[in-house]
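Step one of this worksheet: look at the structure below.
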Amino acid sequence: MAKINNKDVLQSYILTTAKYDYSVHEKRILYRLVEMAQTETEGLKFSSGDCRKIQHDLFGYVDIEMPISDILVNEKDKNHKIAKEALESLSQKYLIYEDSEVWEKINIVLSPKIQKFHSIIKFKLEPKIWDCMLDFSKGFRKYELKTAMQFESVYSMRFYELMSNQKSPLSYSVEALKEMFQIQNKYKQINDFTKRVIDPAKKELDEKSPYSFTYKPEKPSRKIIGFTFFPVYNPQHRDDNLETAELRKKISPAWDLSRPVLQYLKHQFEFTSTEVKTHVELFKTAQSQIDDFVLFMSKVKARANRAKNPKGYLINAIRKELKQT
Numbered sequence: 005m006a007k008i009n010n011k012d013v014l015q016s017y018i019l020t021t022a023k024y025d026y027s028v029h030e031k032r033i034l035y036r037l038v039e040m041a042q043t044e045t046e047g048l049k050f051s052s053g054d055c056r057k058i059q060h061d062l063f064g065y066v067d068i069e070m071p072i073s074d075i076l077v078n079e080k081d082k083n084h085k086i087a088k089e090a091l092e093s094l095s096q097k098y099l100i101y102e103d104s105e106v107w108e109k110i111n112i113v114l115s116p117k118i119q120k121f122h123s124i125i126k127f128k129l130e131p132k133i134w135d136c137m138l139d140f141s142k143g144f145r146k147y148e149l150k151t152a153m154q155f156e157s158v159y160s161m162r163f164y165e166l167m168s169n170q171k172s173p174l175s176y177s178v179e180a181l182k183e184m185f186q187i188q189n190k191y192k193q194i195n196d197f198t199k200r201v202i203d204p205a206k207k208e209l210d211e212k213s214p215y216s217f218t219y220k221p222e223k224p225s226r227k228i229i230g231f232t233f234f235p236v237y238n239p240q241h242r243d244d245n246l247e248t249a250e251l252r253k254k255i256s257p258a259w260d261l262s263r264p265v266l267q268y269l270k271h272q273f274e275f276t277s278t279e280v281k282t283h284v285e286l287f288k289t290a291q292s293q294i295d296d297f298v299l300f301m302s303k304v305k306a307r308a309n310r311a312k313n314p315k316g317y318l319i320n321a322i323r324k325e326l327k328q329t
């Protein structure tokens, strides 16, 4: 098992609420991808000796490499059986996303490969999958990577993502939950659904997670049609170091960005405070490594204004510039 360096990672709410049914090891691959995407967005590089790699090709596809140990927790993968099954299954699945404006069905993994002697996983990602991981326009969920990786139930993982940092109750119909988890043909009896899905997830979150829940069935008549989930915070399970780092961010309103940089981001590119905070590590790196960062942004702005997503255009331009510095 690879050592998990705990950190708070940001997962797009699009990915959090997307419709899919994955195994625990498939989910761990996704968690590692979210971690890698965030690392790249922040302008950081993997340390020497780290086997993980991200390479963008000319057509926008993303080549990924990671060690098999990245998806194992207290396990041994004899003959790479676990990795093979996870990759084979992922390559046959899609991520389905739907909102009021669009419905999409996208391949998750393309051309999976295992380098046996080096225990390395390789595969390609569709450009839209990578973009989905970095699209915070619908909001995001922040969660502890180490906690997410250690769950034994995929339903615990899904509920952990939904409840992390959630302040108000969430209500879902039974149909919506089953569709989100892609288990429409399972657990026809509502008692089986609560026994096999909700209760085991709640038990594991209570035991391991800083974020759990209680729930109330919605029963306007005799039939249960949905559930309301009430967030529960368990501070004893929160990583003290991450909590301290979070408190430091809260008492530093400018997040170490200079006033001109902060003003340019907010007034010229119309970043909200939340969006600045989401990408603050990237902006801090750019501020320290790009000569006259404000001038750089002003040169990018004309091209960004013609782009469909000016903010995303700026972020990509910063990443490209940092690679060249």
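Under our numbering, the final residue of the sequence shown carries the number 329; numbering is consecutive throughout.
Here a beta-carbon is modelled for each residue, glycine too, at the ideal position from N, C-alpha and C.
Buried/exposed call for residue i, threshold 16 Cβ in 10 Å
i	result
F63	exposed
Y24	buried
T329	exposed
P257	Note that P257 scores a pLDDT of 44, beneath 50, so its modelled location is shaky; the value from the coordinates is reported in the next line. It counts as exposed.
F185	buried
V66	buried
K109	exposed
T151	buried
K190	exposed
I229	exposed
T21	buried
Nearest residue (CA-CA) to residue i, options the options
i	options	result
V178	T151, N195, F287, Y26	N195
L261	Q291, Y237, H241	Q291
M301	L326, I322, T232, H60	I322
K146	Y164, L129, Y159	Y164
I58	P116, F127, L114, A90	F127
D210	F231, M167, I228	M167
L129	M153, E148, L34, F197	L34
K31	R162, R56, I72	R162
S213	S160, R263, N189, L181	S160
K207	E222, V158, K117, T282	V158
Y237	E89, L318, Q267, K171	K171
Alpha helix (DSSP H) segment containing residue i, residue limits
i	result
I319	314-328
E179	178-184
L99	No alpha helix (DSSP H) holds L99; the beta strand (DSSP E) holding it covers 98-102.
I86	85-95
F163	158-167
Range covered by the beta strand (DSSP E) that runs through residue i
i	result
T198	Counting along the chain, T198 falls outside any beta strand (DSSP E), and DSSP gives it neither H nor E.
K117	114-119
L62	From DSSP, L62 is part of no beta strand (DSSP E); its letter is neither H nor E.
K343	Since the first residue of the chain shown is 5 and the last is 329, residue 343 is not available in this structure.
E148	144-148
N111	107-111
Below-8 angstroms beta-carbon distance, residue i vs any chain C residue
i	result
I112	Looking at the structure shown, chain C is missing, and only one protein chain is on hand.
Legend entry - Sufficient close CB pairs (3 or more, under 8 angstroms) joining the stretch 308-318 to the stretch 273-283: yes
Inset, instruction - May I ask you to verify whether the stretch 102-109 touches the stretch 35-54, counting CB pairs closer than 8 angstroms and requiring at least 3? - result: no
Inset, instruction - Note down, one range per segment and in chain order, each alpha helix (DSSP H) of at least 4 residues found wholly within the stretch 207-286. - result: 244-254, 263-271, 277-282
Inset, instruction - Inspect the CB distances between the stretch 73-85 and the stretch 134-146 and report whether three or more fall short of 8 angstroms. - result: no
Inset, instruction - Report the residue ranges of all beta strand (DSSP E) runs contained in full by the stretch 8-36; include only those spanning at least 3 residues, in chain order. - result: 12-16
Inset, instruction - Inspect the CB distances between the stretch 80-95 and the stretch 14-24 and report whether three or more fall short of 8 angstroms. - result: no
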